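A short write-up of the structure that comes next.
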Amino acid sequence: MQIEIPDDVAESLENYWGDDLARQVLESVLLEAYRQRLIGEGQIQRWLGLGTRPEAHRFLKEHGVPNNYTLEDLERDRQTLDRLGL
Numbered sequence: 699m700q701i702e703i704p705d706d707v708a709e710s711l712e713n714y715w716g717d718d719l720a721r722q723v724l725e726s727v728l729l730e731a732y733r734q735r736l737i738g739e740g741q742i743q744r745w746l747g748l749g750t751r752p753e754a755h756r757f758l759k760e761h762g763v764p765n766n767y768t769l770e771d772l773e774r775d776r777q778t779l780d781r782l783g784l
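Position one of the sequence shown corresponds to residue 699 (this note's numbering), numbered consecutively onward.
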């Protein structure tokens, strides 16, 4: 899939972001998709080529995006730890 960016918009963005326009667009889309709970940290990690999940958490924090971790997630993690005897 390709996204067409009008020349004047691309020029403005390139003036601000330089040659890193494609990366900035990718990061912006990923951040918004995460905010809307369409993707998770693992997908951010893979798409940005980050080595670890904590790097994905750091990326989110650097962009002011809180982790999507609910009370249900906490309870599920607690039950998993209980099953594992940890």
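Just so it is clear, CB atoms sit at the ideal spot from N, CA and C, and this is done for glycine as well. Quantities reported herein were computed from a predicted structural model and do not represent experimental measurements.
Between residue i and residue j, is the Cβ-Cβ spacing less than 9 Å?
i, j, result
"E739", "H755", "yes"
"P724", "L711", "Sequence check: residue 724 is Leu here, not Pro. The answer is no: Cβ separation not under 9 Å."
"V763", "L736", "no"
How should residue i be labelled, buried or exposed, when 16 other C-beta atoms within 10 angstroms of its C-beta is the threshold for buried?
i, result
"I742", "buried"
"Y714", "exposed"
"Y732", "buried"
"L779", "exposed"
"L784", "exposed"
"L758", "buried"
Write down every uninterrupted run of the alpha helix (DSSP H) in the segment 713–779 whose length is 4 residues or greater and which is fully enclosed by it, in chain order. Listed in chain order, they are 719–733, 739–746, 751–760.
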